[in-house]
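Have a look at the structure below, then the notes.
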Amino acid sequence: MAERRVNVGWAEGLHARPASIFVRAATASGVPVTIAKAGGAPVNAASMLAVLGLGAQGGEEIVLAADAEGAEAALDRLAKLVAEGLEELPETV
């Protein structure tokens, strides 16, 4: 299982617009990804309600994980998106 630990780069955390950006990126990755607060239960990263339910705040550590072909590259892109608080998924890392 591939995993990335990253701090949320959006000042407002994974709420509303940042959560929407993240969920779209996770869905577009084509890899089943989970997201969790450090030490918490993982949820489906492609579910807006699940991601919002995490209540992840800016600067808080989250864990992204996947176990499928292409997981390493997908997690690298998603981790960059979250850490840097980007407005869209980067094409390359």
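If you read the sequence shown in our numbering, its first letter stands for residue 1279, the second for the next number, and so on.
All C-beta atoms, glycine included, are put in the ideal place defined by N, C-alpha and C.
Element boundaries [beta strand (DSSP E), containing residue i]
{"i": "residue 1362", "result": "That residue, residue 1362, is in no beta strand (DSSP E); its alpha helix (DSSP H) goes 1349 to 1362."}
{"i": "residue 1301", "result": "From DSSP, residue 1301 is part of no beta strand (DSSP E) but of the alpha helix (DSSP H) over 1294 to 1306."}
{"i": "residue 1309", "result": "Counting along the chain, residue 1309 falls outside any beta strand (DSSP E), and DSSP gives it neither H nor E."}
Three-state class that DSSP yields for residue i in the structure shown
{"i": "residue 1329", "result": "helix"}
{"i": "residue 1286", "result": "coil"}
C-alpha gap between residue i and residue j, whole angstroms
{"i": "residue 1359", "j": "residue 1304", "result": "10 Å"}
{"i": "residue 1284", "j": "residue 1353", "result": "10 Å"}
{"i": "residue 1337", "j": "residue 1345", "result": "26 Å"}
{"i": "residue 1299", "j": "residue 1326", "result": "10 Å"}
Integer-rounded CB distance, given that residue j should sit under 8 Å from residue i
{"i": "residue 1286", "j": "residue 1314", "result": "Actually they are not in contact, since the Cβ atoms of residue 1286 and residue 1314 sit about 12 Å apart, beyond 8 Å."}
At least three beta-carbon pairs within less than 8 Å, the region 1289 to 1307 to the region 1321 to 1336: Counting Cβ pairs under 8 Å, three or more are found: they touch.
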